[in-house]
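The letter at position 51 of the sequence shown is residue 62 when you use our numbering, and the numbering goes up by one with no holes. Every residue, glycine too, gets a C-beta built ideally from N, C-alpha and C. Here the structure is a predicted model, which means the values were calculated and not measured. Written out below as structure tokens is the structure these notes cover.
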Amino acid sequence: MKFSLFVHMERWDESVSHRQLFEDLTELTLLAEAGGFSTVWIGEHHAMEYTISPSPMPLLAYLAGKTTTIHLGAGTIIAPFWHPLRVAGECALLDVISNGRMEVGLARGAYQVEFDRMAGGMPASSGGQALREMVPVVRALWQGDYAHDGEIWKFPTSTSVPKPIRKPYPPMWIAARDPDSHNFAVANGCNVMVTPLMKGDEEVLDLKNKFQAALDNNPDVPRPQLMVLRHTHVHAVDDPEGWKVGAQAISRFYRTFDAWFGNKQVPVNGFLAPSPEEKFAERPEFQLENIRKNTMIGTPQEIIERIKYYQELGVDEFSFWCDNSLPHAEKKKSLELFIQQVVPVFR
Numbered sequence: 012m013k014f015s016l017f018v019h020m021e022r023w024d025e026s027v028s029h030r031q032l033f034e035d036l037t038e039l040t041l042l043a044e045a046g047g048f049s050t051v052w053i054g055e056h057h058a059m060e061y062t063i064s065p066s067p068m069p070l071l072a073y074l075a076g077k078t079t080t081i082h083l084g085a086g087t088i089i090a091p092f093w094h095p096l097r098v099a100g101e102c103a104l105l106d107v108i109s110n111g112r113m114e115v116g117l118a119r120g121a122y123q124v125e126f127d128r129m130a131g132g133m134p135a136s137s138g139g140q141a142l143r144e145m146v147p148v149v150r151a152l153w154q155g156d157y158a159h160d161g162e163i164w165k166f167p168t169s170t171s172v173p174k175p176i177r178k179p180y181p182p183m184w185i186a187a188r189d190p191d192s193h194n195f196a197v198a199n200g201c202n203v204m205v206t207p208l209m210k211g212d213e214e215v216l217d218l219k220n221k222f223q224a225a226l227d228n229n230p231d232v233p234r235p236q237l238m239v240l241r242h243t244h245v246h247a248v249d250d251p252e253g254w255k256v257g258a259q260a261i262s263r264f265y266r267t268f269d270a271w272f273g274n275k276q277v278p279v280n281g282f283l284a285p286s287p288e289e290k291f292a293e294r295p296e297f298q299l300e301n302i303r304k305n306t307m308i309g310t311p312q313e314i315i316e317r318i319k320y321y322q323e324l325g326v327d328e329f330s331f332w333c334d335n336s337l338p339h340a341e342k343k344k345s346l347e348l349f350i351q352q353v354v355p356v357f358r
């Protein structure tokens, strides 16, 4: 079982500066590298303070210079917002800067609020077309001269400059949920990243089964990697109420997700208040006890047992998702407990 860190700068009011958030993200990454994590993942989001990352590339390039072993994962680049030449070139440059430690995840995008601002109001549900066209084009550009005449992009003979260090190309990941996404990823030799969000381990099993079905549909393709991304909060055994800290924070995170995803309010300087708790009174997944059960919250031993189950399912990488609305000190304490008491069990 490999472990990785999925992290963004996140700001809930103006009391913490962006510079401080940047330093905090750097500290968590260095802590993860010292703890033997394989990869740090940073995604892409626009104009929202609760997930700050207009591009993962400058952050990852900076981290490449501060680290020596951990891989730098763009997880994920939103395909409809990019041109394939930019994806190929910037990812290859990151691979050169990091001496072969770049990994890239691609996604179709989810927030309509971002598509309204970045893609002229294109329906977010249409983003999959760009994803499917992007993957083979980027790989072709990494190989050498290539001209493209597609449905979305058309360009004359071009190539990626620079070229990535790793041959034939660096690892490519696809964020997948539905069977078609799993099948596309496996058929194209891409690793698969999944997240059950607020759902429990039955959703992990369902996603794993979709991945397995894609493997069965493509028997001639070497098995790619499967990564599960989970909101994670570890608390000490001698703090039996510590789970509530994580559950309340993750509730706030997803109520804010709901506000952004609903796209019914105008953000103010990049902030949207979380949707009110009473909106979810009839939604069992928002009850704190269910958040505790369904996300990765618990003592080290409780976390170990859950991850062992994922390992038995065939999950190759568990990604510690630390975006949760908690202050940096709480995130650091949780990550340190995970590194000290959970990771060694799987070594």
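- The straight-line gap separating the alpha-carbon atoms of ALA225 and GLU328 is approximately 18 Å.
- Taking 8 Å as the cut-off, the beta carbon of HIS57 is found closer than this to the beta carbon of GLU125.
- Taking C-alpha positions only, ARG263 is separated from VAL353 by approximately 26 Å.
- For the stretch 148-223, the continuous beta strand (DSSP E) assignments of 3+ residues that do not extend past its boundaries occur at 157-160, 165-169, 183-186 and 202-205, in sequence order.
- The DSSP-derived three-state label of LEU283 is coil.
- When DSSP states are grouped into helix, strand and coil, VAL354 belongs to the helix group.
- With respect to LYS343, LEU42 sits close: the two C-beta atoms are nearer than 8 Å.
- In the three-state reduction of the DSSP assignment, GLY257 falls in the helix class, which pools H, G and I.
- Note that the C-beta distance between HIS19 and THR79 is not below 8 Å.
- Contact between LEU337 and ALA260 holds, since their C-beta atoms are separated by about 5 Å, short of 8 Å.
- In the DSSP annotation of this structure, the continuous segment of the alpha helix (DSSP H) that includes VAL124 starts and ends at 123-129.
- Spatial neighbours of HIS159 in its own chain (CB-CB distance under 6 Å, excluding positions within 5 residues in sequence) are listed in chain order as VAL148 and PHE166.
- Around the C-beta of VAL326, 16 or more other C-beta atoms lie within 10 Å, and the residue is accordingly described as buried.
- In chain order, MET12 place their CB closer than 6 Å to the CB of PHE357, counting only its own chain and leaving out the 5 sequence neighbours on each side.
- Distance from the Cα of PRO355 is smallest, within the candidate group PHE48, MET204 and GLU38, for PHE48.
- Distance from the CA atom of VAL27 to the CA atom of ASN228, rounded to whole angstroms, is 49 Å.
- Cβ contact annotation for THR87 (same chain, cutoff 7 Å, sequence separation greater than five): GLY54, GLU55, GLY116, LEU117, ALA118 and ALA186, in chain order.
- The beta carbon of LEU104 lies closer than 7 Å to those of PRO173 in the same chain, with the five residues before and after it left out.
- With distances taken between CA atoms, SER171 lies nearest to GLY155 out of PRO179, GLY155, GLY161 and TYR180.
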